[in-house]
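Single-structure report; data block below.
Chains as they are written, first to last, in this note's numbering: chain A, 1 to 242; chain B, 1001 to 1081.
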């Protein structure tokens, strides 16, 4: 059986993506790092809606933790594989560059960029041998445009965009697609401290996006219908940046 | 498992699963240049070898392997280890 694995899926965009893929009919594996309560809530919501869901906690910046968790999952699922991977886990540690600590720089790159590398490398082999796979990387407007105060975050997301384009060409002959979605301002915990009233004046659509709207885009890119779309970065930002 | 059995199994999946030309698969044939194995094919080969022979291929150890015969030697060594 084919599974979808969504990282950072206990809250926000990741949760909406997990719920949507379950609604699409895929059994979903929810990864989270530390918020077990929120992850359980997501699992419960999926199951109450008739979906199939399991939890797989690990820190995406820790290659040993990834190896152990995926190994354990595979032992429990000898006839299954992950055919849809949504690399969504990410953190923000904003600061202007001159005051940015080594820890702020590295933690953001470790979770977003290194996490993408470690986990995608781990699950890609099965996708390639099955001649079927969808990787969707959740990047950001910040990785396309660059945002002041986010040199670490912009660098990490821009790096994932580059990796998306390279990997897409690498694995296309094995019927694995690799795309990225680049959300602008989406109403989640990550943006709740922002001044929505002021910022929405800059957005042509006039509001923040909803996590469900991003999930809808991810759902399409993860579907069989999207087989001819690969190496793309699709913006979902209400027209804020084109 | 005898050496011949190893060769037959590897040859079989190169021909059956990956559709390489059987005529080109000889002990002295170079995997890339003569048989036509590319880096994506190696992913399939690694998975099949690990399943068939029950050991993990170490990428570093594969670096010196150039021919079909050397690849079978490697499998033979790993099985006996």
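No residue lacks a Cβ here, since even glycine has one placed at the ideal position from N, Cα and C. None of these values were measured; they are calculated from a predicted model.
CB-CB length for residue i against residue j, believed under 8 Å
i                       : j                       : result
residue 86 of chain A   : residue 7 of chain A    : 7 Å
residue 1079 of chain B : residue 1053 of chain B : 6 Å
residue 181 of chain A  : residue 217 of chain A  : 5 Å
residue 1028 of chain B : residue 1069 of chain B : 6 Å
residue 183 of chain A  : residue 140 of chain A  : 6 Å
residue 12 of chain A   : residue 190 of chain A  : 6 Å
residue 68 of chain A   : residue 212 of chain A  : Not confirmed; about 33 Å, so no contact.
Where the beta strand (DSSP E) through residue i begins and ends
i                       : result
residue 20 of chain A   : Here residue 20 of chain A belongs to no beta strand (DSSP E); instead the alpha helix (DSSP H) covers 12 to 23.
residue 107 of chain A  : No beta strand (DSSP E) contains residue 107 of chain A, which is instead part of the alpha helix (DSSP H) from 102 to 109.
residue 183 of chain A  : 176 to 183
residue 54 of chain A   : 53 to 55
residue 81 of chain A   : 81 to 87
residue 4 of chain A    : 2 to 6
residue 1046 of chain B : That residue, residue 1046 of chain B, is in no beta strand (DSSP E); its alpha helix (DSSP H) goes 1039 to 1053.
residue 135 of chain A  : 133 to 138
residue 243 of chain A  : Look at the range of chain A in this structure, 1 to 242, and you will see that residue 243 of chain A is not part of it.
residue 30 of chain A   : 28 to 30
Residue i versus residue j: straight-line alpha-carbon distance, rounded
i                       : j                       : result
residue 228 of chain A  : residue 1081 of chain B : 45 Å
residue 76 of chain A   : residue 142 of chain A  : 38 Å
residue 266 of chain A  : residue 100 of chain A  : In this structure chain A extends from 1 to 242, so residue 266 of chain A is not present and cannot be described.
residue 153 of chain A  : residue 160 of chain A  : 11 Å
residue 1021 of chain B : residue 118 of chain A  : 35 Å
residue 1025 of chain B : residue 1018 of chain B : 12 Å
residue 91 of chain A   : residue 1001 of chain B : 51 Å
residue 199 of chain A  : residue 210 of chain A  : 15 Å
residue 185 of chain A  : residue 5 of chain A    : 24 Å
residue 105 of chain A  : residue 63 of chain A   : 18 Å
residue 195 of chain A  : residue 207 of chain A  : 12 Å
residue 223 of chain A  : residue 166 of chain A  : 21 Å
residue 1042 of chain B : residue 234 of chain A  : 32 Å
residue 1060 of chain B : residue 201 of chain A  : 55 Å
residue 112 of chain A  : residue 1023 of chain B : 47 Å
residue 24 of chain A   : residue 110 of chain A  : 31 Å
residue 79 of chain A   : residue 71 of chain A   : 13 Å
residue 44 of chain A   : residue 35 of chain A   : 14 Å
residue 49 of chain A   : residue 42 of chain A   : 11 Å
residue 170 of chain A  : residue 128 of chain A  : 11 Å
Contact set for residue i: own chain, Cβ-Cβ below 8 Å, skip 5 residues either direction
i                       : result
residue 247 of chain A  : In the structure as shown, chain A starts at 1 and stops at 242, and residue 247 of chain A therefore has no counterpart that could be examined.
residue 1076 of chain B : 1003, 1006
residue 130 of chain A  : 81, 83
residue 203 of chain A  : 184, 185, 237, 238, 239, 240
residue 226 of chain A  : 134, 177, 179, 220
residue 39 of chain A   : 9, 10, 30, 32, 55, 57
Sequence-distant residues of the same chain with beta carbon closer than 6 Å to residue i, five excluded per side
i                       : result
residue 1071 of chain B : 1065
residue 1013 of chain B : 1048
residue 94 of chain A   : 149, 150
residue 168 of chain A  : 178, 230, 231
residue 155 of chain A  : none
residue 1055 of chain B : 1078
residue 14 of chain A   : 6, 8, 88
residue 215 of chain A  : 16, 17, 20
residue 26 of chain A   : 4
Segment limits, alpha helix (DSSP H) that includes residue i
i                       : result
residue 152 of chain A  : 151 to 171
residue 1012 of chain B : 1003 to 1016
residue 66 of chain A   : 63 to 76
residue 224 of chain A  : Here residue 224 of chain A belongs to no alpha helix (DSSP H), and DSSP marks it neither H nor E.
Beta-carbon proximity list for residue i, same chain, < 7 Å, skipping 5 on both sides
i                       : result
residue 163 of chain A  : 116
residue 46 of chain A   : 18, 19, 22, 28, 53
residue 1057 of chain B : 1046, 1049, 1050
The region 110 to 129 of chain A: which residues have C-beta closer than 7 Å to a C-beta of chain B, in chain order? 125, 128, 129
Quick one, which residues of the region 1009 to 1042 of chain B are near chain A if we go by CB-CB under 7 Å, in chain order? 1040
Please list the residues of the region 1045 to 1059 of chain B that have a C-beta atom closer than 7 Å to any C-beta atom in chain A, keeping them in chain order. 1047
Members of the region 167 to 196 of chain A that neighbour chain B once the beta carbon cut-off is set at 9 Å: 170, 171, 173, 174
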